[in-house]
Each structure stands twice: as C-alpha cells, then as structure tokens.
Amino acid sequence: MGERHETLAPAPAGGRRPRLGLWRDRELAGTTIDLTEGSLQDRILTATLRCLGRWGTVKTTIDDIAREAGCSRATVYRTFPGGKDALFLAAGERELLLALGELASLAAEAVTLDELLGTVLAAGVSTIRTHKVLAYLCEHEPGVILPYVSFDGMDPVLGVVRGVLAPHLERFLDRTAAADIAEWLARVGMAYGFDPLDGPDLADPDEAHRFVATFVLPGLEPCSDTLASASDNLASASDNLASASDNLAPASNNLAPASNN
Amino acid sequence: MSEPTGARARLLDAALACIDRWGLAKTSLEDIANEAGLSRATVYRYFPGGRDQVISETITWEVGHFFARLGEEVADLPDIAAKLERGLVFGHQAIVEHRLLQQVLSTEPEEFLEELSETTPLVHAVVCAYLADLLRHERLRTGIDVDTAADYLARLFFSYLGSQGHWDLTNPDEAKRLVATQFLPGIVV
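Chain order of the listed sequences is A and B.
When the first sequence is numbered by the numbering used here, its final residue is 327 and no position is left out of the sequence of numbers.
When the second sequence is numbered by the numbering used here, its final residue is 563 and no position is left out of the sequence of numbers.
This is the structure we're talking about:
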C-alpha cells in the first residue's frame, strides 16, 4: 500500500470508501471506489490513465485498458458499468480525490493560516501543472477538460474542495470565512494552474506565500476563539473527504450503502 | 476593436443565427452565406480562413459585446470597488440569462469551450488593462504592483462570472462582501 493512498483514506471505523458520482454521471453514481493500490479498481483506473496519457480519449479502447490492467473486457465492464466515458470520469475523479487527500494532509500539518494557504495553493497549482495525463489532454483534447473547469461545470470541484479544506481552515477562521477561503483556494488554484498566461508562478511555494500574504490575508480576521473547537472540526475533515463524492451524488442513487456503523 | 460594418457584420450576425438554429458543429459556410444572403466567394473575401474563421470571430465578437455592456453598466460608478460589485452582479445575471450561451453550454460544451478558450488571452489582456487603469486612480497599499494586482483581479472576476459557487451573486450585499474580503483588501487602502 503506497503512502499517497493512505493520505486519502483516513477511513473511519467501518472502512467506508468514497463513492463516485461527483460529476453526476448516472452510471457511476453510488459506485464505491477502492483506493487501495493493487485492488482491481485501482489497476483498471491506473491502466485507464496510462492509456489516456498515451492516446487520449478518442483512440483509447476498452480493449487497450483491459490489456494494460491485465484483465478481461468483461471484468472492466463489470467493475465500472457505463463503458468508456464512465471509466474516464471515474479515473478523473480518483485523481481529484488523491490530489485532495494530499492537500488535506498539508493543510492538517500547517501551523499557521499563512502557512496553510501558501502551501496548499502551491501544491494545488503544481499538481495541475505537472499531472502528465491532464497536461496531455489539455494540449491535445482541451474540450474534454474544459467542461469541468468552466462556468457551472466547475461547481462540483468547488464543492468538493470546500468540503475537504474548510474544516482545516476552521482552526483559524469562523465557519463562513473558512468556507469562503476554501472556495477561493479552489478558484485561484484553477485560474493560475490552467492558464499561466503571464501571471506569477504559484507552483513555487515562495511566490504562493507572497501572493497569499499580499492579496487575501489582509481580508481575513483570524479568530482565536475558534481554536478551542479545532479538534472537533478536524475530526470532521477526514469524514468530509470520505463522503465528499456521495454528498454530491443524488441520494436515490445509493446503490451501495456505506457499511453498518 | 472597431465594430464591423456592412457585409462583415451581416456575416457575423448570420453565423450567430445559424449557431442558434443548428448548433456550432453543424453550421457550415454555406449555411452562413445563405443566411446572410451572400455568396461563398464573398464570405471568403471577408474571412479567408473560411467557416472556422467566421465561427471564431463570431464568438470573439459576442464576447466583445458582453464586455462592452458590462463596461457601460459600471461606467458611472465612482470607484473600483463599486464597479467590481456591480460588475459581478450584472455579469452573473447576463451570463445566466444569455440564452444562446446556455444553449451551446448544454448541447455542445466541448466544441464551444474550445472555441471560447481561444479568446481567453485577448479578453484577459483587455480586462487587465481596464483594471490596471482603474487601479492607477486608487490609493494603493505599499508595495502593490499594478499589473500583478490587475491580473489577480481579472482572474478572480472571471472565475466568479463563470460560476458563483456558494455565493449568491444576485444579492448586491454578498457581492459587496466578496469584493471587500477577496478582491481588494490587499490592494486598495
């Protein structure tokens, strides 16, 4: 089991797994996902990503993915009903959850608000810039990515980032400000990550810290009285991560109920 | 950008009508020529790049209209804070109510967003220049670089125009709180 997977799955008792359906994909909503390295789902999604990074969405076939994962076509279909498109969304959603898991652990380690904002922003922008498959798709098939980062299409991502990061920010800010700034991190991360244009390089931690100190810290009033409830909030942070996607999936689609408590 | 006139404007209008009727992908050069009542040869005279050039200029033209209306809406407001607040509320509403935009976003998001993203560098540059000019008339906090600040404001403004997220941008008080806490606190005294 790789370290990067463990950061994502601080599974509460009962071993709850995140449930797919962030982008309201009818076929996927409610499918639970096993993030353990080497699991069948992990192998298939890793294979999907490899194929995407090599051939893009149009040329990749289920056969390619099955071959890369070392299983049969039938197993791919059974594991992720809905075909190619559902598989691509599942692979994308898992990448997002893994990246958010890493951001959440950076947020948890941060000692001050400045440190949290600068570190998480730099890591988020850096992930967007250095993710090879994302870069390949942005370059060769931008139309595949743009609907998830433009207009209302970015709402699911804003929502899931808020859900995961706001509880960490509540160590330093009141609840409203924490949610506002969690969403700000998502927006600024995407704006500078996807469109470098001539802006500052926020993947560089020093620049990110300067940026945060210049533009957003002056508008925040850290509340010391929220520190008392910090541990409560943190307990709910990992829970939010686990349930982030099922919160967004329609309730009626709970095909695979979470395990008994 | 000067406003196109004559045959050029007729072709851009015709392209919009065709996109409305048939969608982006299915609109051909013939459709646009027929709609405008002009020959194919005339279309090529104005748009040597053919169908793709007409479509991309039509989108740029429509985006230009949007920002021109936004500019007029905030023209008389006294300072950058008031302009940003009103711009967020007006822009959000204009996007939600833009029927053709919402139509292509729901039926052909991939094709449309690829086209729209081609305009991003130009629109970003224009809006940055506009904001930088406004900032030069404000009292700025020590050490603020006008161009970096304008770049930040433009990106944040586009993000909120695209989606209000968990904010309610139909409410001017929320827009005011947003501008005060995220747009200007580090920039303007």
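For glycine and all other residues, C-beta sits at the position ideal for the given N, C-alpha and C.
Because the structure is a prediction, the values reported are computed rather than measured.
Put simply, the CB of B:Phe464 is far from chain A, with every gap to its CB atoms at 9 angstroms or more.
The contact set of A:Leu224 on chain B, defined by CB atoms closer than 8 angstroms, consists of Ser537, Gly539 and His540 in chain order.
Of the candidates A:Glu175, A:Asp270 and A:Val177, A:Asp270 places its Cα closest to the Cα of A:Thr196. Pairwise C-beta distances place the segment 179 to 199 of chain A out of contact with the segment 134 to 144 of chain A, as fewer than three of them are shorter than 8 angstroms. Under the criterion of beta carbons closer than 8 angstroms, A:Thr97 and A:Arg85 qualify as touching, at roughly 7 angstroms.
The segment 425 to 503 of chain B contains, as complete alpha helix (DSSP H) runs of 4+ residues, the segments 425 to 448, 454 to 471 and 473 to 481 (chain order).
The criterion of a C-beta distance shorter than 9 angstroms is not satisfied by A:Phe154 and A:Thr112. Within the segment 212 to 223 of chain A, Leu212, Pro213, Ser216, Phe217, Asp218, Gly219, Met220 and Asp221 place their CB atoms closer than 8 angstroms to a CB of chain B, listed in sequence order. Cβ proximity to chain B below 8 angstroms picks out nothing from the segment 190 to 206 of chain A.
For the segment 244 to 266 of chain A, the set of residues with a beta-carbon nearer than 9 angstroms to any beta-carbon of chain B comprises Ala245, Asp246, Ile247, Glu249, Trp250, Ala252, Arg253, Val254, Met256, Ala257, Tyr258, Asp261, Leu263, Asp264, Gly265 and Pro266, in chain order.
Annotation for B:Ala549: Glu459, Leu462, Val463 and Leu543 place their beta carbon closer than 7 angstroms to its own, counting only its chain and skipping 5 residues before and after. The residue among B:Ile429, B:Ile518 and B:Arg513 with its C-alpha nearest the C-alpha of B:Cys392 is B:Ile429. By the neighbour-count criterion, in which a residue is buried when 16 or more other Cβ atoms sit within 10 angstroms of its Cβ, A:Val282 is buried.
At a cut-off of 9 angstroms, the C-beta of A:Gly158 has no neighbouring C-beta in chain B. In terms of CA proximity to A:Thr145, A:Ile110 leads the group A:Ile110, A:Val215 and A:Phe260.
B:Ala456 and B:Glu447 have their C-alpha atoms spaced approximately 11 angstroms apart. Taking 9 angstroms as the threshold, the shortest C-beta distance from A:Pro271 to chain B does not fall below it.
Around the beta-carbon of B:Glu471, fewer than 16 other beta-carbon atoms lie within 10 Å, marking it exposed. At a cut-off of 9 angstroms between beta-carbon atoms, B:Asp525 makes contact with chain A. With a threshold of 16 other beta carbon atoms within 10 Å, A:Gly149 falls short and is exposed.
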